[in-house]
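Heads up, the thing below is written out as structure tokens.
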Amino acid sequence: MNAEQLRVVALVEANKYVTTYNDCYNEKDVVRVAEAMFRFLNKTPIDTALPITILDLTIRTKNVLRASDINTVAELISLSVNQIMRIPNSGRRTIDDITSVLQAHNLSLKESV
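Adding 157 to a residue's 1-based position in the sequence shown gives its number in my numbering.
Here's what the structure looks like:
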């Protein structure tokens, strides 16, 4: 399936979901759910040379990473959970945020050794 077909499938499924589980829905709800479904269905890896700002990380997580001079996706995925935990102001929420966003792009942090 190409990207356009995936978008159509996501939109149809999102419309079904929103109208079934939400009595008061609007077009924005359908579009929001469709985009989330498209990202899930598409899961295309991103260019790791891109800056971390393109990831859907929380502002706090982005700030923690930038303060440690981690600016690209490649730099981020070269780190392990233990290395990120040693960064000042990072913690379990930071790790959860990073891992969930990376999983959406078929990426992960480096395995701890």
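From the three backbone atoms N, C-alpha and C, an ideal C-beta is built for every residue, glycine too. This structure is a prediction, so every number in the text was calculated from the model and none was measured.
* Whole-angstrom distance between ASP253 and ILE227, CA atom to CA atom -> Sequence index remark: in the sequence shown, residue 227 carries index 70 (1-based). Sequence index remark: in the sequence shown, residue 253 carries index 96 (1-based). Near 17 Å, if we compare the C-alpha coordinates of ASP253 and ILE227.
* Asked: Leaving out the 5 sequence neighbours to the left and right, which residues in its chain are closer than 7 Å to VAL188 when beta-carbon positions are compared?
  -> Working through the sequence shown from its first residue, we reach residue 188 at position 31. Counting only Cβ-Cβ distances below 7 Å, and skipping sequence neighbours, we find nothing.
* Is the region 210–217 touching the region 235–243, taking contact as three or more C-beta pairs under 8 Å? -> no
* Does the separation of the CB atoms of VAL230 and LEU207 fall below 8 Å? -> Your numbering for residue 230 matches position 73 in the sequence shown. Your numbering for residue 207 matches position 50 in the sequence shown. Yes, they are a contact pair.
* Mark ALA224 as exposed unless 16 or more other C-beta atoms lie within 10 angstroms of its C-beta, in which case mark it buried. => The residue you call residue 224 lines up with position 67 of the sequence shown. By the neighbour-count rule (16 or more Cβ atoms within 10 Å), ALA224 is not buried but exposed.
* Could you give the distance in angstroms between the alpha-carbon of ASP204 and the alpha-carbon of GLU170? -> Counted from its first residue, the sequence shown places residue 204 at position 47. Counted from its first residue, the sequence shown places residue 170 at position 13. Answer to the nearest angstrom: the Cα atoms are 28 Å apart.
* Taking the continuous alpha helix (DSSP H) assigned at LEU233, which residues delimit it? -> Taking the sequence shown and counting its residues from 1, one reaches residue 233 at position 76. Note, LEU233: alpha helix (DSSP H), 230–234.
* If you measure from the beta carbon of VAL221 to each beta carbon in chain B, is any gap under 8 Å? -> No chain B appears in this structure, which consists of one protein chain only.
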